[in-house]
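Everything below concerns the one structure shown next.
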Amino acid sequence: MKLIVVATDFSKPAAQALRYASAIADRHGARLLVVYADEFIPPLNEMSAPVTVNLDELVAAAHEQLIAHVEANVSSYVPFVARIVVGGAAPSIVAQAREWDADLIVMGTHGRTGLRRLLVGSVCEAVLRAASIPVIAVNSLAAERPTFEIRKIVCVVDYSNECADALRIAADLAPDARIVLVKPDDGERDRVDGDRVARLRRWLPVDLVGRCELRLAGAFTPEHVADFARRIGGDLIAAGFKTTHKIGDVFFGTTTDRIVQHSECPVLVVNASAVREREQLVPAGAGCTCDA
190 MKLIVVATDF
200 SKPAAQALRY
210 ASAIADRHGA
220 RLLVVYADEF
230 IPPLNEMSAP
240 VTVNLDELVA
250 AAHEQLIAHV
260 EANVSSYVPF
270 VARIVVGGAA
280 PSIVAQAREW
290 DADLIVMGTH
300 GRTGLRRLLV
310 GSVCEAVLRA
320 ASIPVIAVNS
330 LAAERPTFEI
340 RKIVCVVDYS
350 NECADALRIA
360 ADLAPDARIV
370 LVKPDDGERD
380 RVDGDRVARL
390 RRWLPVDLVG
400 RCELRLAGAF
410 TPEHVADFAR
420 RIGGDLIAAG
430 FKTTHKIGDV
440 FFGTTTDRIV
450 QHSECPVLVV
460 NASAVREREQ
470 LVPAGAGCTC
480 DA
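In terms of the working numbering, the sequence shown is residues 190 to 481.
Written as structure tokens, this is what we have:
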């Protein structure tokens, strides 16, 4: 791991995500690219006419705030680049990760649901859906955690490639952590516990077998996943990104996004297009207003 992109909006979850990314970077000898993206749309005055503003001044003020935000939350031993991008948050974050050939995205999320989610949208879910690298999401509940040590990883197994990649990346991030595999009963033919265990062992990478323990479960909702991780003291949840295409997803989020909303620990997510690792860092400045 060489470069971690951290998206921030200066909120409490974003600050915790920045500290979390700093701990990972310090452990793996990586550096950070901290991104604040904003369209800088001028506010309206009392007559509903746009207020004239100087974009350069807005960007300069935001950059000054970003530098202070990073210095307050990142270890002095971790090198970083702070960057302001003029544009929509989700596409800008994904574009920066792609242009800089990053290995990982870490970001906070507000966990909006219902009408607020419909009106405002979820930047985190948009990034989870579009990013071509793994994403670690930190919500407001996870922002209360005082430690960044990963001692126990929880992975809900669905036999997908996304899930396998998430498990592998999580295991590599914390090579000393124990892994708890949860296999829900989802109506498969292998209902007999022995068959389920045999299939799981075929799916699991050989080098991870000694680190894993298996819990067979009934139907598991996203809320159950988050609660289970909390009860056993999980420090990280590994999950593949799943789009279920249900009406409820618009208001409450996809299955993976709901895990992120309810989890008291960070959640590492891999979608169908994510890659496991990058070979080199290629800096690129396209689309950026300023950096330091």
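No residue lacks a Cβ here, since even glycine has one placed at the ideal position from N, Cα and C.
CA-to-CA distance, residue j to residue i, given in whole angstroms
{"i": "ILE282", "j": "ASP384", "result": "43 Å"}
{"i": "PRO268", "j": "ALA251", "result": "20 Å"}
{"i": "ARG340", "j": "ILE426", "result": "11 Å"}
{"i": "ARG305", "j": "SER211", "result": "Because ARG305 sits at a pLDDT of 40, beneath the cut-off of 50, its placement in the model cannot be relied upon, and the following sentence gives the value as read from the coordinates. Approximately 31 Å, taken between the alpha carbons."}
{"i": "ALA326", "j": "ALA428", "result": "11 Å"}
{"i": "VAL458", "j": "ILE230", "result": "31 Å"}
{"i": "PRO280", "j": "ASN243", "result": "24 Å"}
{"i": "VAL395", "j": "VAL195", "result": "32 Å"}
{"i": "ALA204", "j": "ASN328", "result": "11 Å"}
{"i": "VAL511", "j": "SER452", "result": "There is simply no residue 511 to check, as the chain begins at 190 and stops at 481 in what is shown."}
{"i": "ASN409", "j": "ASN262", "result": "In the sequence as displayed, the identity of residue 409 is Phe instead of Asn. One C-alpha to the other measures close to 36 Å."}
{"i": "ASN460", "j": "ALA355", "result": "9 Å"}
{"i": "ARG208", "j": "ASP347", "result": "31 Å"}
{"i": "CYS454", "j": "PRO202", "result": "12 Å"}
{"i": "THR336", "j": "ALA366", "result": "14 Å"}
{"i": "ILE256", "j": "ASP198", "result": "13 Å"}
{"i": "SER264", "j": "ARG220", "result": "11 Å"}
{"i": "ILE436", "j": "MET190", "result": "Per-residue confidence for ILE436 stands at a pLDDT of 44, beneath the threshold of 50, marking its modelled position as unreliable; the derived number appears in the next sentence. Taking the straight line joining both Cα atoms gives about 38 Å."}
{"i": "GLU253", "j": "LEU247", "result": "10 Å"}
{"i": "ALA284", "j": "PHE417", "result": "34 Å"}
{"i": "ASP245", "j": "ALA206", "result": "28 Å"}
{"i": "TRP289", "j": "GLU228", "result": "21 Å"}
{"i": "ASP438", "j": "THR444", "result": "Summary for ASP438: the model assigns pLDDT 45, below 50, so the residue's position carries little reliability; its value from the coordinates is reported in the next sentence. Each residue's Cα considered, the two are about 8 Å apart."}
{"i": "VAL456", "j": "ASP215", "result": "19 Å"}
{"i": "PHE430", "j": "VAL386", "result": "23 Å"}
{"i": "ALA249", "j": "GLU412", "result": "42 Å"}
Proximity winner among the options, relative to residue i (alpha-carbon distances)
{"i": "ASN350", "options": "ALA359, TRP392, ASP365", "result": "TRP392"}
{"i": "CYS344", "options": "ARG334, ALA359, ALA214, LEU330", "result": "ALA359"}
{"i": "HIS217", "options": "VAL295, ASP198, THR197, LEU192", "result": "LEU192"}
{"i": "VAL449", "options": "ARG404, LYS372, GLU314", "result": "GLU314"}
{"i": "GLU402", "options": "ALA331, THR444, ILE342", "result": "ILE342"}
{"i": "LEU405", "options": "GLU338, ASP245, PRO411, LEU370", "result": "LEU370"}
{"i": "GLU333", "options": "LYS372, GLU246, ASP424", "result": "ASP424"}
{"i": "ALA319", "options": "GLU338, ALA286, LEU330", "result": "ALA286"}
{"i": "ILE364", "options": "VAL386, GLY407, GLU338", "result": "Rather than Ile, the amino acid found at residue 364 in this sequence is Pro. The option with the nearest alpha carbon to PRO364 is GLU338."}
{"i": "PRO373", "options": "VAL248, GLY407, SER462", "result": "GLY407"}
{"i": "ALA331", "options": "ARG419, ALA463, ILE213, VAL386", "result": "ARG419"}
{"i": "TYR266", "options": "ILE213, ALA249, ALA284, TRP289", "result": "ILE213"}
{"i": "ALA463", "options": "THR443, VAL386, ALA353, PHE417", "result": "ALA353"}
Rounded distance between the beta-carbons of residue j and residue i, thought under 8 Å
{"i": "ARG400", "j": "ILE368", "result": "5 Å"}
{"i": "SER311", "j": "ASP446", "result": "7 Å"}
{"i": "VAL274", "j": "ALA226", "result": "4 Å"}
{"i": "ARG388", "j": "VAL398", "result": "That belief does not hold up - the Cβ atoms of ARG388 and VAL398 are roughly 14 Å apart, past 8 Å."}
{"i": "LEU222", "j": "ALA291", "result": "7 Å"}
Contact check, residue i vs residue j, beta carbons under 8 Å
{"i": "GLY297", "j": "SER200", "result": "yes"}
{"i": "VAL224", "j": "ARG272", "result": "yes"}
{"i": "ILE294", "j": "VAL270", "result": "no"}
Strand pairing of residue i, partner residues [DSSP]
{"i": "CYS401", "result": "ILE368"}
{"i": "MET296", "result": "ALA196, ALA326"}
{"i": "GLY429", "result": "VAL459"}
{"i": "CYS344", "result": "LEU370, ALA427"}
{"i": "ASP222", "result": "According to the sequence provided, residue 222 is Leu. The question's Asp does not apply to it. In DSSP, LEU222 forms a bridge with VAL194, VAL270."}
{"i": "ASP361", "result": "In the DSSP output, where bridge partners are listed per residue, ASP361 has none listed."}
{"i": "VAL275", "result": "ASP227"}
{"i": "ALA406", "result": "PRO373"}
Near the ligand HEM: residue i beta-carbon under 7 Å from a heavy atom
{"i": "SER265", "result": "Absent from the structure shown: the ligand HEM. Ligands present: none."}
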